[in-house]
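Numbering (this note's numbering), first residue to last: 10 to 244.
Below, the structure is given as structure tokens:
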């Protein structure tokens with residue numbers, strides 16, 4: 010990609026063919042796995058300690074200190090949950106949709122053909138909020154859970170690229186989306202899409218949380234979705 014920041018902040022802004030959004034701390038204000046763990050551990054005597062461990066792993070992963078294929082299993086081993094709770098949390102997260110995404114529902118619906126959600130979170134949890142906003146269901150990608158006959162989580166689908174190192178980049182490579190591709194998210198795994206050559210520009214999304222290490226890697230930080238919509242185009 011060529012041009013200065015000034016070039017891009019004009020009405021002749023760079024035209025993107027595809028836009029990739031992260032889910033946790035981007036489309037929603039929180040981290041869905043932390044929400045799931047909080048609910049699953051509601052009656053656990055060591056809830057505070059375990060949640061602290063989970064959140065520490067989450068932060069380390071977002072900063073690129075722990076590879077995702079290690080951080081996800083480490084976290085889900087710290088609590089047990091079932092499919093009913095997964096569905097409950099997914100529905101509850103509709104209330105946690107980020108303000109600027111809520112304000113721009115019509116833009117999402119209008120441009121649904123070119124925008125995608127790519128998350129390391131669990132797809133069952135992503136779906137309710139994303140569909141509520143107007144994303145196309147077949148444009149929503151996340152990790153997949155396995156359950157036993159009682160509905161208890163037994164593991165994740167390790168064949169899903171998103172469960173692997175550089176999983177988001179691997180998934181994008183398999184999709185062969187039209188370029189140029191803009192990537193918007195709050196974590197290092199979002200930047201890795203561009204670093205691995207599967208995206209053209211990365212914007213650090215800071216409406217909910219600002220991660221300095223991630224912002225350093227971004228072309229521009231976005232304080233809200235409004236900033237992207239104002240200055241950039243989809244063609």
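Every residue, glycine too, gets a C-beta built ideally from N, C-alpha and C.
In this structure, does DSSP put residue i in helix, strand or coil?
i: residue 20; result: At residue 20, the pLDDT of 32 sits below 50, so the modelled position is not reliable; the number obtained from the coordinates is stated separately. Of the three classes helix, strand and coil, the one that applies to residue 20 here is coil, per DSSP.
i: residue 13; result: Confidence in residue 13 is poor, its pLDDT being 39 and thus under 50, which makes the residue's placement too unreliable to answer from.
i: residue 54; result: coil
i: residue 235; result: helix
i: residue 95; result: helix
i: residue 85; result: helix
i: residue 59; result: helix
i: residue 225; result: coil
For residue i, which residues from the same chain have a beta carbon less than 8 Å from its beta carbon, with the 5 sequence-adjacent residues on both sides left out?
i: residue 141; result: 103 and 106
i: residue 43; result: 60, 63, 64 and 67
i: residue 206; result: 178
i: residue 188; result: 26, 27 and 209
i: residue 109; result: 216, 233, 234 and 235
Under 6 Å Cβ to Cβ from residue i, same chain only, skipping five residues before and after it: list those, please.
i: residue 19; result: Residue placement at residue 19 is flagged as unreliable, the pLDDT there being 37, under the threshold of 50; a coordinate-derived value is accordingly withheld.
i: residue 193; result: 30, 212 and 214
i: residue 56; result: 50
i: residue 219; result: none
i: residue 175; result: 201 and 205
i: residue 231; result: 212, 214 and 237
In its own chain, which residues sit with a C-beta less than 7 Å from the C-beta of residue i, not counting the 5 before and 5 after it?
i: residue 179; result: 170 and 173
i: residue 100; result: 137
i: residue 133; result: 95, 96, 99 and 154
i: residue 145; result: 121
i: residue 160; result: 91, 92 and 93
i: residue 47; result: 60
Could you name the residues that DSSP lists as bridge partners for residue i?
i: residue 269; result: With the chain running from 10 to 244 in the structure shown, residue 269 is simply not present.
i: residue 30; result: 126 and 193
i: residue 230; result: 213
i: residue 66; result: Looking at the DSSP assignment, residue 66 forms no beta bridge with any residue, so it has no partner.
i: residue 37; result: 106
Which whole-angstrom value is the C-beta distance of residue i and residue j, which I expect to be below 8 Å?
i: residue 75; j: residue 69; result: 5 Å
i: residue 71; j: residue 151; result: Incorrect: roughly 16 Å between the Cβ atoms, too far for contact.
i: residue 116; j: residue 238; result: 6 Å
i: residue 162; j: residue 89; result: 7 Å
Run the proximity test for residue i: is its beta-carbon closer than 7 Å to any non-hydrogen atom belonging to the ligand GTP?
i: residue 42; result: Although the ligand GTP was asked about, the structure shown includes no ligands whatsoever.
Quiz prompt | Sequence ranges, beta strand (DSSP E) only - wholly within the stretch 188-216, length at least 3 | solution = 190-194 and 210-214
Quiz item: Whole alpha helix (DSSP H) runs in the stretch 97-175 with 4 or more residues, listed along the chain?
Solution: 108-112, 114-119 and 132-142
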